[in-house]
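This report refers to the structure that appears directly beneath it.
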Amino acid sequence: MKIICSRCKILLGEQEPFDNPAEIKAKCTDCITKEKEEASRFTPKPLPGQKQEITLENGLKGVLWVAENKKDKLLLGDLAVSGKKFFCTKSGREKFQEYLKSLKGEDVEVSLLHSMTVKLDPAQRGRKKKENPPKTEESKKNHSIDYNCTMRVPKYYVQLMFNDMAERMDKVITFLAKASYEAYEKDCQNTGKSLK
Ligand SMILES: [Zn+2]
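Add 124 to a position in the sequence shown, counting from 1, and you land on the number used in the numbering used here.
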């Protein structure tokens, strides 16, 4: 018997009895990933002022909400703990630890930027019309929605989140610094300037 992916029809394997031409329907990992992505695209998102419970990949439950005010907006690399915003970097770790200790209780409320979506005008969905003026930065800003996720977790877990994010942010910063240096180097080569 042949094991076939029911979606893309790829042959995944064979199983006894081998002389039986019947097919066993299964799903390949690629198709499972694709279906998950499709499902998440259709997950209803909360509207401004609404909250929606979600379960994160690590099994934690959180609440998804729209960051409408400037004070609620978080950047990638930000954590808001009991209302105070922190940008996660290794150098800010001790200060963050002290703040965590100063909070009462075992669990604390932590928020992070969950995702962003860009709203499209109905007229701009589907085929692009040439007469549409190009979008300005200002109108783009007004059309993006930031979703924050808030959850209550033990303090030690918040510290882990901070460390993890700090590590990622340090990598991003190193990467950006390297890229900008390389661009500078190239620029110097092109213009004949000497490297500083
Ligand atoms: Zn497949």
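For each residue, glycine too, the CB sits at the ideal point set by N, CA and C.
Query: Residues of its chain near K265, where Cβ-Cβ distance is below 8 angstroms and the 5 sequence neighbours each way are ignored; Result: The predicted position of K265 is uncertain, since its pLDDT is 48 and thus under 50; a value taken from the coordinates is nonetheless stated next. For K265, where only same-chain residues beyond five positions count, there are no Cβ hits under 8 angstroms.
Query: I134 (DSSP reduced to helix, strand or coil); Result: coil
Query: Rounded straight-line distance, which links the Cα of V190 to that of V277; Result: 20 angstroms
Query: Close-in-space but distant-in-sequence residues of the same chain around H238 (CB under 7 angstroms, 5 per side omitted); Result: L188, Y271, N272 and C273
Query: Reference C129, options P141, Q139, E147 and R292, closest by Cα; Result: E147
Query: Secondary structure of A204, DSSP reduced to three states; Result: strand
Query: Other residues of its chain near Q176: CB distance less than 8 angstroms, five sequence neighbours each side excluded; Result: P168, K169, P170, V187, L188 and W189
Query: Proximity test, D154 beta-carbon vs ligand 1 heavy atom, cut-off 7 angstroms; Result: yes
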